[in-house]
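Accompanying notes for the structure given below.
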Amino acid sequence: MSHQGGAVHYMVRTVERRVEPRGAVGAGINAGVCHPLKPACSQVPLVRLLKPPNMNFFGVLSCFSLLLAAAVAQDPKPCVSPPLMSGGLTVMTGDGLLFSVGTISYDAFGQRMRVRNYGFASNQTFGLDQLMLFNQKVYYEIDWSKLSCKKFALDASFNPMRVPTDAKLAGQVFMGSSSSWGMGALVNTWQGSLPNNGMYTTVFTEIGCIPLTYTSFTPTSGWTTLSTYNWVLGNSNPMDYIPPFFCAKSKLEETETPRTIFTALESLAVKTKKEE
-12 MSHQGGAVHY
-2 MVRTVERRVE
8 PRGAVGAGIN
18 AGVCHPLKPA
28 CSQVPLVRLL
38 KPPNMNFFGV
48 LSCFSLLLAA
58 AVAQDPKPCV
68 SPPLMSGGLT
78 VMTGDGLLFS
88 VGTISYDAFG
98 QRMRVRNYGF
108 ASNQTFGLDQ
118 LMLFNQKVYY
128 EIDWSKLSCK
138 KFALDASFNP
148 MRVPTDAKLA
158 GQVFMGSSSS
168 WGMGALVNTW
178 QGSLPNNGMY
188 TTVFTEIGCI
198 PLTYTSFTPT
208 SGWTTLSTYN
218 WVLGNSNPMD
228 YIPPFFCAKS
238 KLEETETPRT
248 IFTALESLAV
258 KTKKEE
């Protein structure tokens, strides 16, 4: 814009682009670039042709799809549960002498477990609070009604919640429905042998390796079923793994075999039956 003699004159510059010959398109990245000061340019926009993917790309994609399908189709493998969990449980014997419900806190890092059971044995109610400290090889039976505590030797080996490595896959099913998300859970049933001609079956979820049921049989103890539910990851109360103050003076009691959660419940059922 300029001023001459009181008049205003406008200068307009047109930026133009040159159309390259057809053979030049695709010859390089700069093909079709226009120099705006040359008159050969026109105002037609630059068009770039996209080169279609070659067959190698589709071959790699097909191989990847086959590998992914093969990985998904593999048989389930024994798994290990998350190291910190809290949930509920029920315990029932096949002869009907014992039935209980309770809660469980599990810490694989510290090798410890807290189980609280409330139920009946031979038509008598009971409450059993069990604290298992595998790292100290100590097991406590806590009676809050009497503020008393019994201390026993615990099996030295800590077995984390997991599918035993020698277990055999019995089957895989959906508990519920697979028709829509949230209607069911994919679970694996495993089976194996126990000492003294015993056997067991256990059910774990395919995703997350969450334990659901454990059923065992031995000629001496019969059938025992433990079911768990309402699992959450983590522990909310660290005091679960600390013995109550009245357990400090408890002396270690000797037993024929180290205690476990199952032997403690079985001994409770037998003791209640004898008292009848």
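Under the numbering used here, the very last position in the sequence shown is 263; numbers go up by exactly one each time. Glycine included, every Cβ here is placed at the ideal spot set by N, Cα and C.
Where residue i falls, given that 16 or more other Cβ within 10 Å makes a residue buried
i: V150; result: buried
i: W218; result: buried
i: S68; result: buried
i: F264; result: This structure cannot speak to residue 264, because the chain is shown only from -12 to 263.
i: S73; result: buried
i: F290; result: The structure shown does not extend to residue 290, since the chain is modelled only from -12 to 263, so the question has no answer here.
i: N222; result: buried
i: T211; result: buried
i: D62; result: exposed
i: M79; result: buried
i: M148; result: buried
i: D153; result: exposed
i: Q159; result: exposed
i: F139; result: buried
i: N104; result: buried
i: L270; result: A question about residue 270 goes unanswered here, because the residues of the chain that appear run from -12 up to 263.
i: W177; result: buried
i: A58; result: Here the model assigns A58 a pLDDT of 45, short of 50, so the residue's position is not dependable, and the following value carries that caveat. With fewer than 16 Cβ atoms within 10 Å of its Cβ, A58 is classed as exposed.
Residue i, enclosing beta strand (DSSP E) - first and last residue
i: C136; result: 135 to 140
i: M148; result: First-last for M148: undefined, no H or E at that position.
i: W218; result: 209 to 220
i: G163; result: 155 to 163
i: F191; result: 185 to 192
i: E241; result: Unbroken run through E241: none, as it is neither H nor E.
Contact under 8 angstroms by Cβ, residue i with residue j
i: L181; j: S203; result: yes
i: E128; j: L120; result: no
i: S186; j: A172; result: One detail in the question is off: residue 186 reads as Met in this sequence, not Ser. Their beta carbons are not under 8 angstroms apart, which means M186 does not touch A172 by this criterion.
i: G81; j: G209; result: yes
i: T215; j: G75; result: yes
i: A157; j: T188; result: yes
i: L71; j: L213; result: no
i: C196; j: C136; result: no
i: T207; j: N183; result: yes
i: L141; j: A108; result: no
Three-state secondary structure (DSSP) of residue i
i: M170; result: coil
i: M72; result: strand
i: D94; result: strand
i: L33; result: Note that L33 scores 41 on pLDDT, short of 50, meaning its location in the model is unreliable and no value can be drawn from it.
i: F107; result: strand
i: P198; result: strand
i: G15; result: The pLDDT assigned to G15 is 45, lower than 50, so where the model puts this residue is not dependable, and the model offers no usable value.
i: D116; result: strand
i: F121; result: coil
i: D130; result: strand
i: G81; result: coil
State whether the region 106 to 113 contacts the region 123 to 140, with contact taken as three or more CB pairs (one from each stretch) at a distance under 8 angstroms.
-> Counting Cβ pairs under 8 angstroms, fewer than three are found: no touch.
How about the region 88 to 95 and the region 229 to 241: do they share at least three Cβ pairs that are nearer than 8 angstroms?
-> No, they do not touch.
Determine, using beta-carbon pairs with one atom in the region 89 to 109 and one in the region 221 to 230, whether at least three such pairs fall under 8 angstroms.
-> These segments touch.
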